[in-house]
Amino acid sequence: MCRFSLGHYKDGGRIINFASAAGVGGQPGKAHYAASKGAVLAWTRTVAREWGPHGITVNAIAPAIWTPMYDATRASMSETQIKQHDAFMASLIPIGGRLGDASCDLAPVLVFLAREGSRFITGQTLMIDGGMLTLS
């Protein structure tokens with residue numbers, strides 16, 4: 000599949016994979032998820048080395064972003080649970096104390112990685128998590 004895909008990038012290009020901090024540090028109770036995200040990170044590094052000579056950069060992002068799924072999870076919590084959860088998140092995330100915003104925190108990074116300014120960055124994982132993993 001990789002060799003087939005390479006043909007679509009004749010003039011170079013950018014590949015941005017979505018990973019997770021779980022792929023870096025594991026996630027108790029979710030071994031299958033952590034393993035799959037770890038595989039994304041390994042694929043990113045491997046293909047970055049293989050396709051770099053063709054002018055293709057391959058990077059991954061590991062975002063900790065507020066999503067509709069997170070909204071649904073919060074909707075199922077009691078007011079007390081939400082307060083406890085918010086305090087827990089504040090202890091995990093040094094910048095802002097909460098999950099990031101897709102428009103303000105994630106989109107600009109994606110735009111940067113997709114543009115020419117990132118042409119010398121490949122095989123990397125950018126943690127867009129407000130510093131959460133640094134404290135793990």
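Read in numbering that gives the first Met the number 0, the sequence shown has 58 at position 59, and its numbers run on one by one without any break. Just so it is clear, CB atoms sit at the ideal spot from N, CA and C, and this is done for glycine as well.
| Check | Outcome |
| --- | --- |
| Which two residues bound the contiguous beta strand (DSSP E) that contains G12? | 12-17 |
| Report the residue from I15, G6, L5 whose alpha carbon sits nearest the alpha carbon of R114. | I15 |
| I'd like the span of the beta strand (DSSP E) that includes T143, first residue to last. | Past the edges of the chain, shown from 0 to 135, lies residue 143, and the structure says nothing about it. |
| Nearest to I127 by CA position, among S4, A20, Y8, is which residue? | A20 |
| Which stretch, first to last residue, makes up the beta strand (DSSP E) that contains T56? | 55-62 |
| Use the C-beta contact count for G130: other C-beta atoms within 10 angstroms, 16 or more gives buried, fewer gives exposed. | exposed |
| So who's on the other strand from L125, going by DSSP bridges? | I60 |
| Quick check on DSSP: helix, strand or coil for G95? | coil |
| What residue from G51, S35, T79, I94 has the CA that sits closest to L5's CA? | G51 |
| Taking Cβ to Cβ, would you say A61 is nearer than 8 Å to L98? | no |
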